[in-house]
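Chemist: The sequence shown lines up with residues 41 to 597 when you count with this note's numbering.
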Amino acid sequence: MNNVEWFDFISEVTDDIITRHTLGGLFLQVSRKAITSFGYPLEEIISQSPYSFIHEDDIAVVKNNHTFLINERKSEWVKYRLKCKNGDYLSLQSYGKLIHSTLDPLGYEIILYTKILDDDDFEKNIGDVFQMTRMSGDDETLSQKYKSQKKRADKSFHHHTLPIPYNTEEEIRILYRAINSSTNGITVADCRQPDMPLMYVNPAFEVMTGYAIEEVVGKNCRFLQGKDTDQPSLEILRRAMLMAEPVVVILRNYKKDGTLFWNKLELAPVRDSEGVLTHYIGIASDISSEVISRNQISELNLMLAETNDQLRIERDREREYAKSLEKINELKDDFVSSVSHEFRTPLASIIGFAQTLLKDNTISEQLREKFLHIIFNDGKRLARIVEDMLDIARIESGKSTLFKETHDIVAIVKDAMSAFTYDKEKNTNPLIFKTNSSIIALECDRDKIIQVLLNLLTNAQKFSPPDEEIIITLAEEEEIVHIKIKDNGIGIHTDDIHHVFEKFYRVKHPGQEIRGTGLGLPIAKNLIELHGGTISVVSTIGHGSEFIVTLPKRVHE
Ligand SMILES: Cc1cc2nc3c(=O)[nH]c(=O)nc-3n(C[C@H](O)[C@H](O)[C@H](O)COP(=O)(O)O)c2cc1C
Numbered sequence: 041m042n043n044v045e046w047f048d049f050i051s052e053v054t055d056d057i058i059t060r061h062t063l064g065g066l067f068l069q070v071s072r073k074a075i076t077s078f079g080y081p082l083e084e085i086i087s088q089s090p091y092s093f094i095h096e097d098d099i100a101v102v103k104n105n106h107t108f109l110i111n112e113r114k115s116e117w118v119k120y121r122l123k124c125k126n127g128d129y130l131s132l133q134s135y136g137k138l139i140h141s142t143l144d145p146l147g148y149e150i151i152l153y154t155k156i157l158d159d160d161d162f163e164k165n166i167g168d169v170f171q172m173t174r175m176s177g178d179d180e181t182l183s184q185k186y187k188s189q190k191k192r193a194d195k196s197f198h199h200h201t202l203p204i205p206y207n208t209e210e211e212i213r214i215l216y217r218a219i220n221s222s223t224n225g226i227t228v229a230d231c232r233q234p235d236m237p238l239m240y241v242n243p244a245f246e247v248m249t250g251y252a253i254e255e256v257v258g259k260n261c262r263f264l265q266g267k268d269t270d271q272p273s274l275e276i277l278r279r280a281m282l283m284a285e286p287v288v289v290i291l292r293n294y295k296k297d298g299t300l301f302w303n304k305l306e307l308a309p310v311r312d313s314e315g316v317l318t319h320y321i322g323i324a325s326d327i328s329s330e331v332i333s334r335n336q337i338s339e340l341n342l343m344l345a346e347t348n349d350q351l352r353i354e355r356d357r358e359r360e361y362a363k364s365l366e367k368i369n370e371l372k373d374d375f376v377s378s379v380s381h382e383f384r385t386p387l388a389s390i391i392g393f394a395q396t397l398l399k400d401n402t403i404s405e406q407l408r409e410k411f412l413h414i415i416f417n418d419g420k421r422l423a424r425i426v427e428d429m430l431d432i433a434r435i436e437s438g439k440s441t442l443f444k445e446t447h448d449i450v451a452i453v454k455d456a457m458s459a460f461t462y463d464k465e466k467n468t469n470p471l472i473f474k475t476n477s478s479i480i481a482l483e484c485d486r487d488k489i490i491q492v493l494l495n496l497l498t499n500a501q502k503f504s505p506p507d508e509e510i511i512i513t514l515a516e517e518e519e520i521v522h523i524k525i526k527d528n529g530i531g532i533h534t535d536d537i538h539h540v541f542e543k544f545y546r547v548k549h550p551g552q553e554i555r556g557t558g559l560g561l562p563i564a565k566n567l568i569e570l571h572g573g574t575i576s577v578v579s580t581i582g583h584g585s586e587f588i589v590t591l592p593k594r595v596h597e
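1) Below 8 Å CB to CB, which residues in the same chain sit around T468 once its five sequence neighbours on both sides are set aside?
2) For Y240, list the residues DSSP reports as bridge partners.
3) Could you give the DSSP three-state label for E586: helix, strand or coil?
4) Can you tell me which of R72, L291, D448, T580 puts its alpha carbon nearest to the alpha carbon of G529?
5) Taking the straight line between their C-alpha atoms, what separation do you get for R486 and N499?
6) Taking the alpha carbon of S328 as the reference point, which residue from L344, E314, N303, L340 has its own alpha carbon closest?
7) Taking E314 as the reference, which of Q395, P592, I575, G64 has the closest Cα?
8) Look up L305 in the DSSP assignment and give the residues it is bridged to.
9) Considering only DSSP beta bridges, list what R121 is partnered with.
10) Alpha carbon to alpha carbon, how far is L82 from G250?
11) Under a three-way DSSP split, which group does I523 fall into?
12) Counting Cβ pairs, one atom from each stretch, are 3 or more of them under 8 Å apart for the stretch 268-275 and the stretch 286-294?
13) Which residues bound the beta strand (DSSP E) around D448?
14) Count the other C-beta atoms from every protein chain shown that fall within 10 angstroms of the C-beta of F503, then say buried if there are 16 or more, exposed otherwise.
15) If you follow the beta strand (DSSP E) that V577 is part of, which residue opens it and which one closes it?
16) Cβ atoms of M248 and D326: under 8 Å apart, would you say?
17) Between the Cα of I23 and those of D97, S458, L430, L559, spot the shortest distance and give me the residue it belongs to.
18) Could you tell me the distance, in whole angstroms, from the CA atom of I479 to the CA atom of K439?
19) Does the stretch 252-263 come close enough to the stretch 331-347 that 3 or more CB-CB pairs lie under 8 Å?
20) Is the closest heavy atom of ligand 1 to the C-beta of L307 under 7 Å?
21) Going by the DSSP bridge assignment, what does K474 pair with across the sheet?
22) With DSSP run on the structure shown, which of helix, strand or coil describes R60?
23) Hey, quick one: how far does the alpha helix (DSSP H) through Q501 stretch, first residue to last?
24) Can you tell which of S380, D527, V547 has its C-alpha closest to the C-alpha of D536?
25) Determine the burial state of M239: buried for a count of at least 16 other Cβ atoms within 10 Å of its Cβ, exposed for fewer.
26) Sort S51, R421, Y91 by Cα distance to T76 and report the nearest one.
27) Excluding five sequence neighbours on each side, which residues of the same chain lie with their C-beta closer than 6 Å to the C-beta of F541?
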């Protein structure tokens with residue numbers, strides 16, 4: 041006894057709304073109660089989609105229920121509203137069941153039991169539905185009544201079943217050939233069977249996994265996951281399959297011999313002409329070597345980056361260490377020479393004049409007084425230099441202080457110059473002072489300004505050939521004064537010029553031994569800046585240098 045016969049029989053004896061549908065949902069047969077409840081004549085229902093009668097707000101929920109029934113083989117009640125022939129909506133609740141069908145080319149159909157909500161007889165009638173779902177083959181207990189209707193039912197079924205398009209044999213053969221010769225593993229799973237078993241795998245799948253076709257057909261393909269079933273990609277796969285959608289995932293799979301391989305799996309749903317999911321086609325590619333080399337490359341890159349970082353840190357550390365060692369050495373050397381250098385000029389002056397005074401009794405009282413004055417001033421300057429040497433640390437920490445008073449900068453410059461007397465014999469240089477002002481009041485620390493000028497003049501002498509003039513220019517503007525010390529010496533190389541004010545930096549002059557601490561200019565710079573002024577230098581190799589000191593007349597605190 042087939043489904044049509046059973047249905048006709050149940051239809052005859054029940055007062056329930058029972059309907060038969062294709063997998064796509066189209067009506068195949070309806071019970072008498074359906075006709076009377078909905079008000080449509082049979083010909084307006086058969087081969088129609090129930091969705092065309094359902095309230096538009098309820099279509100989605102019914103479709104979901106439909107998909108769930110097909111994909112999961114699970115039946116659930118669904119509530120919705122159906123528009124009757126007279127335009128009224130009936131509130132319904134349906135329960136579907138997927139059953140085998142020998143008549144339907146797809147092998148399945150859906151039987152729907154529908155209850156009109158508020159129907160008190162619902163509980164009583166549900167038993168009939170379960171009876172229905174067990175329908176199969178001939179039944180000896182088939183009633184005479186049923187037999188008399190069989191002919192009509194068969195006719196109705198064939199008349200209302202939609203034809204399934206088939207490919208020509210040739211087309212099928214070509215497709216089969218293509219699939220068989222593909223290098224990708226191709227699988228086909230039957231979505232109409234419980235647990236979607238594989239119904240076909242191609243030779244490439246056998247090669248890829250090590251499983252023979254006869255070992256896998258009839259099984260769900262999850263066996264390739266072994267115990268590794270907790271993969272995030274599987275969640276994506278499951279969700280897509282629930283919605284009957286295509287999906288691409290990368291899975292950890294295991295061959296028959298237990299070897300891990302990375303499977304890029306592309307799943308494509310296959311639907312029948314009514315849009316019902318019937319099969320899934322899987323295309324599997326072993327991308328292990330890609331994944332491994334990608335992983336290896338990123339691992340190597342990571343290692344390389346780490347090693348590079350480590351090397352860079354080490355190198356920086358070494359460089360810093362070497363630099364600090366160099367600095368310490370330089371500091372030590374320069375400190376010694378700095379001390380002697382800074383002391384040399386005033387000491388030479390003190391010793392020279394003291395010696396003259398000691399040896400020469402013929403010196404006039406006036407000259408003697410002048411010499412003593414110079415000795416006294418240079419002694420004081422020495423003390424100040426010692427102080428400055430100690431001050432370097434204070435300068436560095438920004439704790440250096442000035443003893444400011446109002447002075448005549450013209451006199452200060454002259455005082456500084458007086459420490460250098462021109463002596464042709466001694467290869468010194470004539471100092472030429474140029475100014476338009478006889479007196480310029482300047483708020484400053486006299487000794488500090490003298491210290492700066494002495495330093496600049498000493499440098500100018502040091503780097504000038506004998507007898508070359510050193511020009512000192514003093515000019516004033518409303519708020520500032522400019523002191524320029526220009527020599528015609530060897531000049532400073534452009535590579536050095538930006539460093540001459542750095543602590544311990546000493547310009548190297550190959551072939552010449554020029555003394556210096558490397559502290560003079562940094563101290564000078566700092567002292568001038570403490571006065572709110574600036575110091576700069578312009579120089580041309582072979583043509584000498586010019587140091588320009590600019591000072592505000594009044595120090596702004
Ligand atoms: C056609 C088809 C091919 C499949 N191929 C594979 C595969 O190669 N490897 C794999 O791990 N899962 C594959 N699957 C997925 C599993 O069969 C299964 O659907 C998945 O593990 C999720 O279901 P489960 O949570 O019930 O295991 C395939 C599924 C289909 C429908």
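Beta carbons are placed, not taken as given, at the ideal position from N, Cα and C, and that holds for glycine.
These figures come from a predicted structure and were not determined experimentally.
Modeler: Put simply:
1) Position 428 of the sequence shown, counted from the first residue, corresponds to residue 468. If the five residues before and after T468 are omitted, its C-beta is found closer than 8 Å to the C-beta atoms of F460, T461, Y462, Q501, P506, all from its own chain and listed in chain order.
2) Residue numbering aside, residue 240 sits at position 200 when the sequence shown is read from its first letter. Under DSSP, Y240 forms a beta bridge with V228.
3) Position 546 of the sequence shown, counted from the start, is the residue given in the question as residue 586. Look at E586 here: in three-state DSSP terms it is strand.
4) Taking the sequence shown and counting its residues from 1, one reaches residue 529 at position 489. It is T580 whose Cα lies nearest to the Cα of G529.
5) Mapped onto the sequence shown, residue 486 falls at position 446. Mapped onto the sequence shown, residue 499 falls at position 459. When rounded, the distance between both Cα atoms is 20 Å.
6) For the purposes of this step, residue 328 is taken as the residue at position 288 of the sequence shown. Selected option, being the one with the closest Cα: N303.
7) As a first step, residue 314 must be located in the sequence shown, where it is residue number 274. When only C-alpha atoms are compared, the closest one is G64.
8) For this step, residue 305 is matched to residue 265 along the sequence shown. Bridge partners of L305: V289, A324.
9) Within the sequence shown, residue 121 is the residue found at index 81, counting from 1. R121 is bridged to S131.
10) Translated into positions along the sequence shown, residue 82 becomes position 42. Translated into positions along the sequence shown, residue 250 becomes position 210. Taken atom to atom, the span from the alpha-carbon of L82 to that of G250 is near 55 Å.
11) Locating residue 523 in the sequence shown gives position 483, where the first residue counts as 1. I523: strand per DSSP, three-state reduction.
12) Result yes; three or more Cβ-Cβ pairs closer than 8 Å.
13) The residue you call residue 448 lines up with position 408 of the sequence shown. Per DSSP, D448 belongs to the beta strand (DSSP E) from 445-448.
14) Locating residue 503 in the sequence shown gives position 463, counting from the first residue. The residue in question, F503, is buried, as its Cβ has 16 or more Cβ neighbours within 10 Å.
15) Translated into the one-based positions of the sequence shown, residue 577 becomes position 537. That run of the beta strand (DSSP E) goes 574-580.
16) The residue given as residue 326 occupies position 286 in the sequence shown. The residue given as residue 248 occupies position 208 in the sequence shown. Yes.
17) Given that the chain is displayed from residue 41 to residue 597, the structure contains no residue 23 and the question cannot be resolved.
18) As a first step, residue 479 must be located in the sequence shown, where it is residue number 439. As a first step, residue 439 must be located in the sequence shown, where it is residue number 399. Straight-line Cα distance between these residues: approximately 32 Å.
19) The stretch 331-347 makes no contact with the stretch 252-263: fewer than 3 CB pairs, one atom from each, lie closer than 8 Å.
20) As a working mapping, residue 307 is identified with position 267 in the sequence shown. Remark: the C-beta of L307 is in contact range of ligand 1, defined as less than 7 Å to any heavy atom.
21) Counting from one through the sequence shown, the residue named residue 474 turns up at place 434. DSSP lists T513 as partners of K474.
22) Walking along the sequence shown from the start, residue 60 turns up at place 20. In the three-state reduction of the DSSP assignment, R60 falls in the strand class, which pools E and B.
23) The count along the sequence shown starts at 1 and reaches residue 501 at position 461. Residues 486-502.
24) Reading the sequence shown from its first residue, position 496 is the one you call residue 536. Per the Cα distances, V547.
25) What you label residue 239 is simply residue 199 of the sequence shown in a count that begins at 1. Exposed is the call here.
26) Here the question's residue 76 lines up with position 36 in the sequence shown. Out of S51, R421, Y91, S51 has the C-alpha closest to the C-alpha of T76.
27) Indexing the sequence shown from 1 puts residue 541 at position 501. Excluding residues within five positions, the ones whose Cβ falls inside 6 Å are L561, P562, K565.
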